[in-house]
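What follows is a set of notes on a single structure, which appears directly below.
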Amino acid sequence: GDLGITAAEVEKNLGSVLELCQTWDALVLIDEADIFLEARSSSEIQRNALVCVMLRLLEYYTGCLFLSSNRAAGSIDAAIASRITVMLGYPPLDEAGRTKVWKNLVELVPAQPIDPTTGEVVAKIAKNPRKASKYRVNFTESDYTGLANGYKLNGRQIKNSIVLARALARERGSPLSLEILRRAVTAVAGEEASAP
């Protein structure tokens, strides 16, 4: 993607980024770095070239580099793995973790309704606390636990469900509700979503 699609482009672009970050004493994050981490195979020469570029750049980089990936540790190229100082794995969220993610993200939802055409807070309601209070999200702890038990989602799916639910609620001119949230979960997670 952003670094290029050929080994030469990636070497030039990533090399420049690493050089600048070393000069600035900055941290580097390469998100979704799977293409650079996957074990090499004899049938994928272009991808192998990208892994080789990453190996070469990692070998001489002395700064702090973070690579995020959805790959299991066992599927990472052995030569790359040997150059990684710390590998952190994150297991799937358990019920308590999902409950906390649901609660934290839902509670970030603004209290006031937003005009779907302008994206602005509806001023009349925002100035009237009694009217604004009806738009606050009033989920109970039991609601969050029900969402966590009913939908075995990861953090990204939960976030995407809430973003979609907020858009649906805005379109309706109503506060975020469990009904809207459940519809959004089904749209985002599809078959993975098992309704409570």
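Take any residue in the sequence shown, note its place counting from 1, add 18, and you have its number in the numbering used here. A virtual CB, placed ideally from N, CA and C, is assigned to each residue, including glycine. No experiment lies behind these values; they were computed from the predicted model shown.
Residue i (DSSP reduced to helix, strand or coil)
i	result
residue 216	Lying before the first or after the last residue shown, residue 216 is absent from the chain, which here runs from 19 to 214.
residue 23	coil
residue 152	Low confidence applies to residue 152: its pLDDT is 49, below 50, so where it sits in the model is not reliable enough to give any reading.
residue 189	helix
residue 29	helix
residue 78	helix
residue 100	coil
residue 35	helix
residue 125	coil
residue 194	coil
residue 208	helix
residue 17	No information on residue 17 is available, as it lies outside the stretch 19 to 214 that the chain covers here.
residue 202	helix
residue 105	coil
Whether residue i touches residue j by CB criterion (7 Å)
i	j	result
residue 126	residue 155	no
residue 31	residue 21	yes
residue 165	residue 120	yes
residue 206	residue 175	yes
residue 58	residue 66	yes
residue 117	residue 158	no
residue 29	residue 71	yes
residue 40	residue 81	yes
residue 79	residue 36	yes
Per DSSP, the bridge partner or partners of residue i
i	result
residue 47	84
residue 94	56
Residue i burial status per 10 Å Cβ neighbour count (16 or more: buried)
i	result
residue 104	exposed
residue 94	buried
residue 98	buried
residue 197	exposed
residue 179	buried
residue 83	buried
residue 25	buried
residue 200	buried
residue 171	buried
residue 108	exposed
residue 190	exposed
If you pair each beta-carbon of the segment 45 to 59 with each one of the segment 74 to 89, do three or more pairs fall below 8 Å? yes
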